[in-house]
Ligand SMILES: [Cu+2]
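In the working numbering, the protein residues as written are 2 to 124.
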């Protein structure tokens, strides 16, 4: 007499597992793109920390003509790259850029897709 299999019918186990896997994949994809700086409440400051691996605060609000300074505080390589400005890829130091015109300027670290920030220049 053959031994009785302890396994349950596959369909009852497989379907919930596939659903769970789908949720995990969606969660991982959302995580890799990082928090959306356009969704964040901007902080009224011209100083941004470049940390591992996030800009802090990720959204700032400044007046036109303001010089924004990024200060590296983490231990890994990062850069600050936006339309019309680009820092070196470094582990320490500062980088500054003056925002003359009103508008919303997105920037990022080119080697870390989750590192994104925004400067809101409000006239
Ligand atoms: Cu980075």
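We put the CB at the ideal spot given by N, CA and C, even for glycine.
Please read all numbers here as calculations on a predicted model, not as lab measurements.
Test item: CB-CB of residue i and residue j under 9 Å
i           : j           : result
residue 82  : residue 105 : no
residue 67  : residue 88  : no
residue 100 : residue 51  : no
residue 70  : residue 95  : yes
residue 61  : residue 45  : yes
residue 90  : residue 79  : yes
residue 75  : residue 102 : no
Residue i - DSSP class collapsed to helix/strand/coil
i           : result
residue 36  : coil
residue 88  : coil
residue 46  : coil
residue 111 : coil
residue 52  : strand
residue 124 : coil
residue 97  : strand
residue 82  : strand
residue 74  : coil
residue 104 : strand
For residue j and residue i, the rounded distance between their alpha carbons
i           : j           : result
residue 124 : residue 108 : 20 Å
residue 121 : residue 38  : 10 Å
residue 77  : residue 92  : 5 Å
residue 73  : residue 114 : 17 Å
residue 34  : residue 117 : 9 Å
residue 58  : residue 43  : 8 Å
Contact test: residue i Cβ vs ligand 1 heavy atom, cutoff 8 Å
i           : result
residue 42  : no
residue 112 : yes
residue 78  : yes
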